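Beneath this line is the structure, given in structure tokens, with notes to follow.
Residue numbers (my numbering), protein chains in the order written: chain A, 425 to 635; chain B, 0 to 167.
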């Protein structure tokens, strides 16, 4: 007990004024705006698929993009909440990405059924996964950097969700950039790797979000 | 907490004291020994200090501090059980060694004790406290004003010297 009193006195010496961290909603809006800027810059720099306007008229493509955006928004909010020890006392909100992912799975299954006769798959395969991953590196670094400054008590979940948020930005970019209509290819090489990404995120969370 | 975030030293001291009083039963219920509770309490208080910027004063304090305490408790228990597992591994190794007939030792208690006396005073004291009086390295360190790792290093050196001398 004497040690504890000693420690309390020692800690209390640090009387610097502490600026409270920003609200998770503000944090996630910042991340969303930064990602939107990054995405827009990349599309201006690399260009976008020539049939984008026509594709956005297609129900399943539009649904896919809308739900992918929802995944990005919900994972971003969830990552921001998970950066706080008590999840800002809104633990239920951290589970919202599960709903987005469920809807996304259904949308992709419907899109796959609607793709009849199936569109021919492109020649490449894993290059798409690689491109998405490379594109997601910057948002991932930034997200982890901001999260490290806070104090997550759910390293695995926080890491996994943060990496999924970054990966979804990459997935969005590739859908806008690559002229490819094969849903099977998109599921296989754009979205299924998200499962692996979530596990890598857990591992990264364990390492980088320690405090 | 709002006052302590604003740099009020007295408010912060009171908050830390109240927090340790609040968490004492919570940790004591989950840990067996008083020294474990004290160790963990210190870690929780340091964590509170490090993470105090994640509390804005607009939401209840208790869920926030309990989240930190639970997190540190889980960490502590994880490390504790990993250590137990490691010791269990040592016991498996020990089982193999136990097959060897050790009843006829070439060294008598007197010869070992005599050699311990010949060691430098500090090393002899450390070995006596650890092996005759049953203190842990941490407790020995506290008693003779050394760090725990320094005690371990001194003990290791002493074992080495003893082994060499007894094998001669």
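From the three backbone atoms N, C-alpha and C, an ideal C-beta is built for every residue, glycine too. Note that this is a predicted model, so its numbers are computed, not measured.
- Hey, out of 607(A), 588(A), 510(A), whose CA is closest to residue 532(A)'s CA? 607(A)
- Query: Within 7 Å (strictly less), CB to CB, does residue 169(B) reach chain A?
  - Reply: Since the first residue shown for chain B is 0 and the last is 167, residue 169(B) is missing from the structure and cannot be characterised.
- Query: CB-CB under 6 Å to residue 485(A), same chain, minus the five flanking residues each way: which ones, in chain order?
  - Reply: 479
- Message: Going residue by residue through the stretch 563 to 602 of chain A, where are the continuous alpha helix (DSSP H) segments of at least 4 residues, counting only ones entirely within it?
- Response: 579 to 601
- Have a look at 447(A), 493(A), 455(A), 519(A) and flag the residue whose alpha-carbon is nearest the alpha-carbon of residue 562(A). 455(A)
- For a contact meaning CB atoms closer than 8 Å, what does residue 428(A) contact in chain B? 19, 37, 40, 41, 44
- Would you mind reading off the limits of the alpha helix (DSSP H) that contains residue 158(B)? 147 to 166
- Query: At a Cβ cut of 8 Å, what residues of the stretch 48 to 60 of chain B count as close to chain A, listed as they run along the chain?
  - Reply: 48, 49, 50, 51, 52, 53, 54, 55, 56, 58, 59
- With a threshold of 16 other CB atoms inside 10 Å of the CB of residue 547(A), please say whether the residue is buried or exposed. exposed
- Query: Any chance the stretch 434 to 444 of chain A sits against the stretch 490 to 500 of chain A, with 3 or more Cβ pairs inside 8 Å?
  - Reply: no
- Query: Under three-state DSSP, which class holds residue 507(A)?
  - Reply: coil
- Query: Is the Cβ-Cβ distance between residue 560(A) and residue 583(A) less than 7 Å?
  - Reply: no
- Query: DSSP on residue 448(A), reduced to helix/strand/coil?
  - Reply: helix
- Using Cβ-Cβ distances below 9 Å, what residues of the stretch 493 to 514 of chain A are close to chain B? 507, 508, 509, 510, 511, 512, 513
- Is the stretch 460 to 476 of chain A close to the stretch 571 to 585 of chain A, with three or more CB pairs under 8 Å? no
- Completely contained alpha helix (DSSP H) runs for the stretch 462 to 543 of chain A, where each covers 4 or more residues: 476 to 479, 483 to 506, 520 to 538
- Just to confirm, are residue 450(A) and residue 6(B) a CB contact at a threshold of 7 Å? no
- Message: Can you find the residues in the same chain that come closer than 6 Å, C-beta to C-beta, to residue 154(B), ignoring five residues on each side of it along the sequence?
- Response: 125
- Could you tell me the boundaries of the alpha helix (DSSP H) in which residue 128(B) lies? 120 to 130
- Query: Secondary structure at residue 548(A), three-state DSSP: helix, strand or coil?
  - Reply: coil
- Within-7 Å CB hit, residue 575(A) to chain B: yes
- For residue 553(A), is the classification buried or exposed, using 16 other Cβ atoms within 10 angstroms of its Cβ as the cut-off for buried? buried
- Message: Taking the alpha helix (DSSP H) that residue 54(B) belongs to, which residues open and close that run?
- Response: No alpha helix (DSSP H) contains residue 54(B), which DSSP labels as neither H nor E.
- With residue 627(A) as the anchor, note down where its alpha helix (DSSP H) starts and where it stops. 617 to 632
- Query: Which residues, taken in chain order from the stretch 437 to 448 of chain A, show a beta carbon closer than 8 Å to some beta carbon of chain B?
  - Reply: 437, 438, 439, 440, 441, 442, 443, 444, 445, 447
- Message: Check whether the stretch 587 to 601 of chain A and the stretch 624 to 634 of chain A are in contact - that is, three or more C-beta pairs closer than 8 Å.
- Response: yes
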